[in-house]
Amino acid sequence: MSSNNPEQWRKQLSAEQYHVCWEKGTERPYSGALLHNRKSGDYLCVCCKSVLFHSGAKFDSGCGWPSFDKAIEGRVTYTEDSSHGMKRVEITCSQCGSHLGHVFPDGPTETGQRYCVNSLSLDFDPDAE
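Here's what the structure looks like:
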């Protein structure tokens, strides 16, 4: 599906998912369905199903959104974001362009990164048992 066709995305996604993914919205902190997910598996873009993060990269940052210390190489695009009077780095899906969240250089692991991602922008695919 082309990322430049808003009506197709509106049909595929809930109103909240559309707002986060295509209007660069943010879900309320501590409200996301995947925030406390501890299962093994992959986190996918809710729009195009590209695999973005592995569960081994997920950690509890206490920020209110699912956090990861690294993305799968080449799956996330990084763009300077100076909206809301802040200097941040926005992360989007490299395949379809949907908004995921932001990455910050304050992660507690050896990568030093904290990918702060909206649950609404993700699907979860558990490992096969």
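Under UniProt numbering, the first residue of the sequence shown is numbered 1, with each subsequent residue one higher.
Quick reminder that beta carbons are idealized off the backbone N, C-alpha and C, glycines included.
(message) Under DSSP, the alpha helix (DSSP H) around C21 begins and ends at which residues?
(response) Sequence index remark: in the sequence shown, residue 21 carries index 21 (1-based). First-last of the alpha helix (DSSP H) with C21: A15 to W22.
(request) For K58, count neighbouring Cβ atoms within 10 angstroms of its own Cβ and tell me buried if that reaches 16, exposed if not. (result) Against the sequence shown, residue 58 aligns to sequence position 58. Label assigned to K58: buried.
(message) For the pair the segment 83-95 and the segment 47-56, tell me if three or more CB-CB distances fall below 8 Å.
(response) Look at the beta carbons and you see the segment 83-95 touching the segment 47-56: at least three pairs across the two are nearer than 8 Å.
(message) How far does the beta strand (DSSP E) with R114 in it extend, from its first residue to its last?
(response) Position 114 of the sequence shown, counted from the first residue, corresponds to residue 114. It spans R114 to V117 - the beta strand (DSSP E) in which R114 sits, taken as one unbroken run.
(request) Would you mind working out which of S40, K11, Q8 and E27 sits nearest L100, comparing C-alpha positions? (result) As a working mapping, residue 100 is identified with position 100 in the sequence shown. When only C-alpha atoms are compared, the closest one is E27.
(message) If you measure between the beta carbons of F124 and Y43, is that distance less than 8 Å?
(response) Along the sequence shown, read from residue 1 onward, the residue named residue 124 stands at position 124. Along the sequence shown, read from residue 1 onward, the residue named residue 43 stands at position 43. Cβ distance < 8 Å, so F124 and Y43 count as in contact.
(request) Please name the residue or residues paired with E90 in a DSSP beta bridge. (result) Locating residue 90 in the sequence shown gives position 90, counting from the first residue. Looking at the DSSP assignment, E90 forms a beta bridge with T79 and H102.
(request) Quickly, what does DSSP pair S50 with across the bridge? List them, please. (result) Counting from one through the sequence shown, the residue named residue 50 turns up at place 50. Looking at the DSSP output, S50 sits in no beta bridge, so it has no partner there.
(request) Give me the Cα-Cα distance between G62 and S119, rounded to the nearest whole angstrom. (result) By 1-based counting over the sequence shown, the position of residue 62 is 62. By 1-based counting over the sequence shown, the position of residue 119 is 119. Taking the straight line joining both Cα atoms gives about 14 Å.
(request) Specify the secondary structure class of G25 as computed by DSSP and reduced to three states. (result) Locating residue 25 in the sequence shown gives position 25, where the first residue counts as 1. It is coil, neither helix nor strand.
(message) Could you tell me the alpha carbon to alpha carbon distance between R88 and E16, rounded to whole angstroms?
(response) Here residue 88 refers to the residue found at position 88 when the sequence shown is read from its first residue. Here residue 16 refers to the residue found at position 16 when the sequence shown is read from its first residue. Taking the straight line joining both Cα atoms gives about 23 Å.
(message) Once the 5 residues before and after T77 are set aside, which same chain residues still bring their CB inside 6 Å of it?
(response) Position 77 of the sequence shown, counting from 1, holds the residue named residue 77. These residues qualify, in order along the chain: T92 and S94.
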